[in-house]
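In the working numbering, the protein residues as written are 1167 to 1375.
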Amino acid sequence: MRGGMKVGILAVQGDFEAHGQMLSRLGVEHIFVRTLAGLANLEGLVLPGGESSTHLKFLTEGGLLDAIRELARRGGALFGTCAGAILLAREVKNPPQTSLGLADISVARNAYGRQVASQVLWGPSKLKEAPLEMVFIRAPLIERVGSGVEVLAESEGRPVLVRQDKVLAATFHPELTEDATVHEYFLQMCASGSRGVQTAESTKAMRSS
């Protein structure tokens, strides 16, 4: 396994198994998290898609909300996709709901329409030279990005992948593609001792190393 790294995946609903398969491809030990005990000794945690309200209910009743905030406080990396990005946002709209509030962004739920209207798009990113494949399924829209947040990828001029410190939020589903670029980037966040925002220059250096 990769350097003794251990990553958790919240396993309530959504494509948590697809995230697990992607991490396995990258040689990373992972566990499916359903209890407080599952958060122990993790370098990072993935918050997958699904229904953010269902995730929120589970996290609240299980006492995991504060535990995830503590994981972030001590330097653990967090990666939210779709509903997971909603959970990470500071402000949630359409309708408003409680969240972890760990990324200074405002998101509107279900902004891209119903599941039958889901689509695959390609857009520019700071993670690779080629366009990034993005699978949107009832995706949220990032309406506001705080000054401490870096936009890492866009689609149709809108931010769809953002980072603040060691928090990464994607409104799309990278786990549903064959491209491991975003997960690889998250693992580098997990391994990094720095909590600073990744700059475009350092991202370019990372790609060329």
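Cβ atoms here follow ideal geometry from the backbone N, Cα and C, with glycine treated the same way.
Distance, Cα to Cα, residue i vs residue j?
{"i": "L1254", "j": "G1193", "result": "26 Å"}
{"i": "L1318", "j": "V1348", "result": "10 Å"}
{"i": "S1265", "j": "R1256", "result": "7 Å"}
{"i": "H1196", "j": "A1243", "result": "14 Å"}
{"i": "L1307", "j": "P1261", "result": "13 Å"}
{"i": "P1325", "j": "A1335", "result": "10 Å"}
{"i": "A1357", "j": "N1276", "result": "32 Å"}
{"i": "I1303", "j": "Q1263", "result": "20 Å"}
{"i": "R1240", "j": "E1295", "result": "33 Å"}
{"i": "T1226", "j": "L1205", "result": "15 Å"}
{"i": "K1172", "j": "V1258", "result": "30 Å"}
{"i": "I1175", "j": "A1184", "result": "10 Å"}
Should residue i and residue j be called a contact, given that it needs their Cβ atoms to be closer than 8 Å?
{"i": "I1271", "j": "G1228", "result": "no"}
{"i": "V1333", "j": "A1269", "result": "yes"}
{"i": "L1293", "j": "S1321", "result": "no"}
{"i": "E1217", "j": "Q1179", "result": "yes"}
{"i": "F1352", "j": "A1305", "result": "no"}
{"i": "G1215", "j": "A1249", "result": "yes"}
{"i": "F1245", "j": "G1267", "result": "no"}
{"i": "D1133", "j": "E1299", "result": "Any property of residue 1133 remains undetermined from this structure, which presents the chain solely from 1167 to 1375."}
{"i": "A1233", "j": "L1189", "result": "no"}
For residue i, report the span of its beta strand (DSSP E) as first-last.
{"i": "E1183", "result": "Premise fails: E1183 lies in the alpha helix (DSSP H), 1182-1191, not in any beta strand (DSSP E)."}
{"i": "E1316", "result": "1316-1321"}
{"i": "G1215", "result": "No beta strand (DSSP E) contains G1215, which DSSP labels as neither H nor E."}
{"i": "P1340", "result": "Element bounds for P1340: n/a, residue is neither H nor E."}
{"i": "L1176", "result": "1172-1176"}
{"i": "V1326", "result": "1324-1330"}
{"i": "L1205", "result": "L1205 -> no beta strand (DSSP E), and no H or E assigned at all."}
In or out: residue i buried (at least 16 other Cβ within 10 Å) or exposed?
{"i": "L1208", "result": "buried"}
{"i": "E1341", "result": "buried"}
{"i": "G1314", "result": "exposed"}
{"i": "S1291", "result": "buried"}
{"i": "D1181", "result": "buried"}
{"i": "L1222", "result": "buried"}
{"i": "G1170", "result": "exposed"}
{"i": "G1186", "result": "buried"}
Would the C-beta of residue i count as close to the ligand FMN, meaning under 7 Å from any of its heavy atoms?
{"i": "G1204", "result": "This structure simply doesn't include the ligand FMN, nor any ligand for that matter."}
Just to confirm the assignment, what range does the alpha helix (DSSP H) spanning residue i have?
{"i": "A1357", "result": "1347-1357"}
Unbroken alpha helix (DSSP H) runs of length 4 or more, entirely within the segment 1220-1307: which are they?
-> Listed in chain order, the complete alpha helix (DSSP H) runs (minimum 4 residues) inside the segment 1220-1307 are 1230-1239, 1249-1254.
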